[in-house]
Amino acid sequence: MLRRYVAGQASDAEQHAVERAALEDPFVADALEGFQAMPSPVPTDLTQKLSARIASPRPFTVIYGRRVAVAAGLVGVLATAYVLLTSIPQTSPETPVVATKLAPLPSPALADTLVTEQPAIALQAKVKTEPRTKTQSKIQVQQTTESAPDTLTMPPATLDQQPIIASRMMIEPTRARVAPPTDTLLSGNSQLKATANQPTVMARKQAAPSRETGSVARLKRSEITGELELETEADYAARTRDSLVVTQAPTVPPQPQGGMEALQTYLLEKSQQRLQGALLEINFRKNGSISRVRFLKNPARLSRRQVLLWLQQGPRWQAAFTAKGSIPYTVQLSL
């Protein structure tokens, strides 16, 4: 700057700065006068010193302000990202909703006119695929639309309008309808024979009330003639009353291995004759194991826990049995 000022190459701002520095600092003013008087170029070290004195020092805010601003911006970005990450709820993704299109339902008037018929083609194919032995033992049942006046077949136009119902009828044919039994069948006096196009209907003869007693009679085979005869409820009860015998299921109480005498001897030896005259109540489980011991008489004041331990370590017991199986049981043991 001093060289350009001395050579006349400095700008107006630089000249103004040099002149203001020369007015404020006498050393700069003397240096300028000396530089202008010297014929040789200014040495480098002296030029640097003069430039350092003329140039105003950079303020602190200019030097560190940008660094502080960059650091503050970085901290703000990190804080914002942390808040956003922690505020997001940790929930599973929602199940996508699949839009489904529902087919229109048939009108009530149209549903009354629809009836399902069992296709004859499927029936014939089924008969062909089955073995001959099975087809001979089974009776083919086919629905006759002529005998049912209240059923109407579905026209082809309706099948086109209702594809869902038509496909369902082809996949799941309904069972054949059988006409209800007539009055002659209900009276029990007729029997229909099976044919190829008609199912078998067997009517069993119903019991009729007796004219003499008014009670319902049942069939009975005569012991003399071997023919079926009518028997009233009163006669049946009188005939079977003597044959009924009420028996109670026998119960086998639990028994120790070796007998009760061996068990008494074992307990007296363990207690050193202190259980003499005692009366015990022993409770057993279904499998024959001992669950509890209680003293009904305890002259020697022995501990029931000690007696229970002796019994568990002693001979094994057989469980109590009835006609229905093993049962829990209680035994009183007198010593």
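Heads up, the sequence shown stops at 1230 in my numbering, and the numbers go up one at a time, no gaps. For each residue, glycine too, the CB sits at the ideal point set by N, CA and C. Only a predicted model underlies this, so the values are computations on that prediction, with no experimental measurement involved.
{"Item": "Going by DSSP in three states, Gln-1227 sits in which element: helix, strand or coil?", "Value": "strand"}
{"Item": "Report yes or no: do three or more beta-carbon pairs, one from the region 1158-1171 and one from the region 1197-1210, lie closer than 8 Å?", "Value": "yes"}
{"Item": "By Cβ distance, which residues of its chain are closer than 7 Å to His-911, with the 5 residues on each side in sequence left out?", "Value": "none"}
{"Item": "What number of angstroms, rounded off, separates the C-alpha of Ala-924 from the C-alpha of Arg-962?", "Value": "38 Å"}
{"Item": "Output the boundary residues of the beta strand (DSSP E) element that contains Glu-1124.", "Value": "1123-1127"}
{"Item": "Quick check on Gly-1220: does DSSP put it in helix, strand or coil?", "Value": "strand"}
{"Item": "Here's the rule I'm using: 16 or more other beta-carbon atoms within 10 Å means buried, otherwise exposed. How should Val-972 be labelled?", "Value": "exposed"}
{"Item": "Would you check if the distance between the CB atom of Asn-1182 and the CB atom of Ala-1214 is smaller than 8 Å?", "Value": "yes"}
{"Item": "Using the three-state DSSP reduction, which class does Ser-1184 fall into: helix, strand or coil?", "Value": "coil"}
{"Item": "Closest to Glu-1128 by C-alpha separation, out of Trp-1212, Leu-1114, Thr-1120, would be which residue?", "Value": "Leu-1114"}
{"Item": "Assign Ala-974 to one of three DSSP states: helix, strand, or coil.", "Value": "helix"}
{"Item": "Can the beta-carbon of Glu-909 be found closer than 8 Å to that of Arg-899?", "Value": "yes"}
{"Item": "My assumption, with CB atoms under 8 Å, is that Leu-1191 sits in contact with Arg-1169. Please give the rounded CB distance.", "Value": "No, Leu-1191 and Arg-1169 are not in contact; Cβ-Cβ is about 16 Å, not under 8 Å."}
{"Item": "Along the alpha helix (DSSP H) that carries Leu-918, what are the first and last residues, could you check?", "Value": "907-919"}
{"Item": "Is DSSP giving Glu-1176 helix, strand or coil here?", "Value": "strand"}
{"Item": "Check the C-beta distance from Thr-1217 over to Thr-1146 and give it rounded, since I have them as a contact under 8 Å.", "Value": "5 Å"}
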